[in-house]
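Visitor: Just so we're aligned, residue 3 is where the sequence shown starts under the UniProt record's numbering, counting upward by one.
The C-beta atom is built at its ideal place from N, Cα and C for all residues, glycine as well.
Dropping the structure in here first, questions after.
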Amino acid sequence: TSYRTVYAFAREMHPKTVKHDIQYGTAGFRTKASNLGYIMYRMGLLAVLRSRYKQGIIGVMITASHNPECDNGVKLIDPHGEMMEQSWEELATKVANVQDDELEQTIRDIVQDYNIDMSIRVNILIGKDTRPSSPSLAKSVIDGVLALSGKPIDFGIVTTPQMHYFVKCRNTQNEYGVATEEGYYTKLVSAFKKLRGDKYNNKNYENRILYDGANGVGAKKIKYFQERLGECLKIVLYNDAGIGTGKLNHLCGADYVKSQQLFPTGVPSEPNQRCASVDGDADRIVFYYNDENDKFHLLDGDRIATLVASYLKEIVSETGLDLNLGLVQTAYANGASTDYITESLKVPVACVSTGVKYLHHKALEFDIGVYFEANGHGTVTFSKNAKDKLNQAAKGNILTESQQQAASKLLALIDVINETVGDAIADLLLVETILHAKGWNIQDWEQTYTDLPNKLLKVTVQDRNVITTKDAERQCVTPNGLQEEINDLVKKYKRGRSFVRPSGTEDIVRVYAEASTKEECDKLAAQVAQKVY
Ligand code: 16G
Ligand code: ZN
3 TSYRTVYAFA REMHPKTVKH DIQYGTAGFR TKASNLGYIM YRMGLLAVLR
53 SRYKQGIIGV MITASHNPEC DNGVKLIDPH GEMMEQSWEE LATKVANVQD
103 DELEQTIRDI VQDYNIDMSI RVNILIGKDT RPSSPSLAKS VIDGVLALSG
153 KPIDFGIVTT PQMHYFVKCR NTQNEYGVAT EEGYYTKLVS AFKKLRGDKY
203 NNKNYENRIL YDGANGVGAK KIKYFQERLG ECLKIVLYND AGIGTGKLNH
253 LCGADYVKSQ QLFPTGVPSE PNQRCASVDG DADRIVFYYN DENDKFHLLD
303 GDRIATLVAS YLKEIVSETG LDLNLGLVQT AYANGASTDY ITESLKVPVA
353 CVSTGVKYLH HKALEFDIGV YFEANGHGTV TFSKNAKDKL NQAAKGNILT
403 ESQQQAASKL LALIDVINET VGDAIADLLL VETILHAKGW NIQDWEQTYT
453 DLPNKLLKVT VQDRNVITTK DAERQCVTPN GLQEEINDLV KKYKRGRSFV
503 RPSGTEDIVR VYAEASTKEE CDKLAAQVAQ KVY
């Protein structure tokens, strides 16, 4: 193979421009777009190695999600459509940071260490969001793929979850779905329509939703759904500014709405009207509305998780099948949601560290694993055992007719879900399906439990890594004594809870607090932040 090309391309077209090291973090590499050319090239190289090593198709997604328009980033997708395995994140960091003249040897070392057969022909799928920097960065990835004689396949502008879907389809000979945009729309929309039937509205549920596309790829792609859904679900699109207008994620989108707890700009405020916002690569979604007094109400990832888990529990019991259902959250989940799930829904809850890969991994331990981060990223996974049992039940005569129908319904529901990763649009269709089935408006959904007031603060410190945690980030291990101080503060507040953790994406420490009133929770957060300085 063409190791020589690796260095030649690097030197001539993609020289390393940044001196300091950059790290493959929770969401891949992410920084100013102008610093990413050589990183993209090198990730093209790495994708080919990974692909030959796994003997499967690898995806490369170019996006910086909810970050400002001038940023960009890249993450690799493994053959099952999941995020690249953690052990290779270190390799990614290494490949990204060596000097140009060390690159060839670094690649050779990986080939040797992992015993990679460099004669295997591999395909690398490449996708990108709407950022103006994305096309040229995609070209750099392609150069990397070509330098090691891989075959790049460019999917153009797509959402992150579409990319995960394509990779999974391609690696499973289209068993999961057809690996094209059309295949993706057809799979989701036909399952959705099947579940909705010809009664578009039901009791308090009305089939109209205002949709904030964050001026990104989520706005572009929702149009394909609007066309196909027609009157069945009326999605009214806002925030669809053109590429390069600088408006991506600006004062709108899921991250803005969730972190600012504010109604986005660009969406009209209609009292009690259900609205949803997606983020810049459409892998996160939150719901919200303004009431008749113009008060803002947010229904975040915890709300979606509880809605989905409660509905799945219902259907599973209707099938009479023995399938274990579990829910996965992080420390950021509102305490009231955790109580509601355990006490009212009686669904077991697991808590894991922040980051989609941890949630996803844990969810796979259940027959049906629901996971959501409070920020709106999440999905549901189904084990092979669950699918086999359901398929049997739906066609066999072992069950009663109603049980059989429930099994068919659950199978259709699986098809509106993107099991590979959180998918804002698939999650939207799932939530709409459940609200429709229950005959609920957004207020009915909100009334299931009351969120505890909560507060998130950022603290800038010299070195965020002096803080280490255990127990899914709920307890500090170092610095010595900090956890005891937090415990002493928390004790003073009714329903108090607080934790601190170093961010995986910014050079800061995050402080989370909740308590029974807003005043108390703000006070607790401020006091804990004081201890961190
Ligand atoms: C990344 C994660 C997200 C997590 C966030 C936390 C993925 C795809 N994304 O964006 O799940 O909530 O990091 O950021 O894993 P933080 O470590 O800065 O709090
Ligand atoms: Zn995102």
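Using a Cβ-Cβ cut-off of 6 Å (strictly less than) and excluding sequence neighbours within five positions of T462, which residues of its own chain qualify?
Guide: Sequence index remark: in the sequence shown, residue 462 carries index 460 (1-based). Same-chain partners within the cutoff: I510.
Visitor: Use the C-beta contact count for G483: other C-beta atoms within 10 angstroms, 16 or more gives buried, fewer gives exposed.
Guide: For the purposes of this step, residue 483 is taken as residue 481 along the sequence shown, with counting starting at 1. With fewer than 16 Cβ atoms within 10 Å of its Cβ, G483 is classed as exposed.
Visitor: Pull up the CB-CB distance for P134 and I245, whole angstroms please, since I reckon it's below 8 Å.
Guide: Reading the sequence shown from its first residue, position 132 is the one you call residue 134. Reading the sequence shown from its first residue, position 243 is the one you call residue 245. Correct: roughly 6 Å between the Cβ atoms.
Visitor: Can you confirm whether the region 268-280 touches the region 311-329 when touching is taken to mean that 3 or more C-beta pairs between the two stretches lie within less than 8 Å?
Guide: Result no; under three Cβ-Cβ pairs closer than 8 Å.
Visitor: By Cβ distance, which residues of its chain are closer than 7 Å to E91, with the 5 residues on each side in sequence left out?
Guide: Taking the first residue of the sequence shown as 1, we reach residue 91 at position 89. Counting only Cβ-Cβ distances below 7 Å, and skipping sequence neighbours, we find Y26.
Visitor: Helix, strand or coil for V502, going by three-state DSSP, please let me know.
Guide: Translated into the one-based positions of the sequence shown, residue 502 becomes position 500. V502 sits in a strand when the DSSP states are folded into three classes.
Visitor: If you drop the 5 nearest sequence neighbours on each side, which residues of the same chain put their C-beta closer than 6 Å to that of G506?
Guide: Indexing the sequence shown from 1 puts residue 506 at position 504. So the qualifying residues of the chain are G27, T28.
Visitor: Provide the residue span of the alpha helix (DSSP H) that contains P134, from first to last.
Guide: Counting from 1 along the sequence shown, the entry for residue 134 is found at position 132. Per DSSP, P134 belongs to no alpha helix (DSSP H) and is neither H nor E.
Visitor: Between K460 and C353, what straight-line distance do the alpha-carbon atoms span, to the nearest angstrom?
Guide: As a first step, residue 460 must be located in the sequence shown, where it is residue number 458. As a first step, residue 353 must be located in the sequence shown, where it is residue number 351. In a straight line, the C-alpha of K460 is about 22 Å away from that of C353.
Visitor: Quick check: the Cα distance between V358 and S404, rounded to an integer number of angstroms?
Guide: The sequence position of residue 358 within the sequence shown is 356, counting from 1. The sequence position of residue 404 within the sequence shown is 402, counting from 1. Their backbone Cα atoms lie some 36 Å apart in a straight line.
Visitor: Restricting to Cα atoms, I'd like to know which of G158, C72, R54 is closest to P81.
Guide: Counting from 1 along the sequence shown, the entry for residue 81 is found at position 79. Considering only alpha carbons, the answer is R54.
Visitor: How is the beta strand (DSSP E) around P481 delimited, first residue to last?
Guide: Within the sequence shown, numbered from 1, the residue matching residue 481 stands at position 479. From DSSP, P481 is part of no beta strand (DSSP E); its letter is neither H nor E.
Visitor: Could you tell me whether any non-hydrogen atom of the ligand ZN is closer than 6 Å to the CB of D281?
Guide: Here the question's residue 281 lines up with position 279 in the sequence shown. Yes, the Cβ of D281 comes within 6 Å of a heavy atom of the ligand ZN.
Visitor: In terms of alpha-carbon separation, which member of K189, P350, D131 lies closest to residue 536?
Guide: Given a span of 3 to 535 for the chain in the structure shown, any question on residue 536 remains unanswerable.
Visitor: Going by DSSP in three states, V20 sits in which element: helix, strand or coil?
Guide: Reading the sequence shown from its first residue, position 18 is the one you call residue 20. In this structure, V20 counts as coil in the three-state DSSP scheme.
Visitor: Thinking C-beta only, is T471 closer than 7 Å to R503?
Guide: For the purposes of this step, residue 503 is identified with residue 501 of the sequence shown, where counting begins at 1. For the purposes of this step, residue 471 is identified with residue 469 of the sequence shown, where counting begins at 1. The answer is yes: Cβ separation under 7 Å.
Visitor: Using only the alpha-carbon positions, how far apart do G268 and E508 sit?
Guide: For the purposes of this step, residue 268 is identified with residue 266 of the sequence shown, where counting begins at 1. For the purposes of this step, residue 508 is identified with residue 506 of the sequence shown, where counting begins at 1. For G268 and E508, the distance between alpha carbons rounds to 28 Å.
Visitor: What's the gap between the Cα of K520 and the Cα of D453?
Guide: By 1-based counting over the sequence shown, the position of residue 520 is 518. By 1-based counting over the sequence shown, the position of residue 453 is 451. One C-alpha to the other measures close to 11 Å.
Visitor: In its own chain, which residues sit with a C-beta less than 8 Å from the C-beta of K189, not counting the 5 before and 5 after it?
Guide: If you number the sequence shown from 1, residue 189 lands on position 187. So the qualifying residues of the chain are G179, V180, D417.
Visitor: Please name the residue in G322, D465, D214, Q57 whose C-alpha comes closest to that of Y116.
Guide: In the sequence shown, counting from the first residue as 1, residue 116 sits at position 114. The option with the nearest alpha carbon to Y116 is Q57.
Visitor: Work out the CA separation of K525 and E487 for me, nearest whole Å.
Guide: The sequence position of residue 487 within the sequence shown is 485, counting from 1. The sequence position of residue 525 within the sequence shown is 523, counting from 1. C-alpha separation (whole angstroms): 15 Å.
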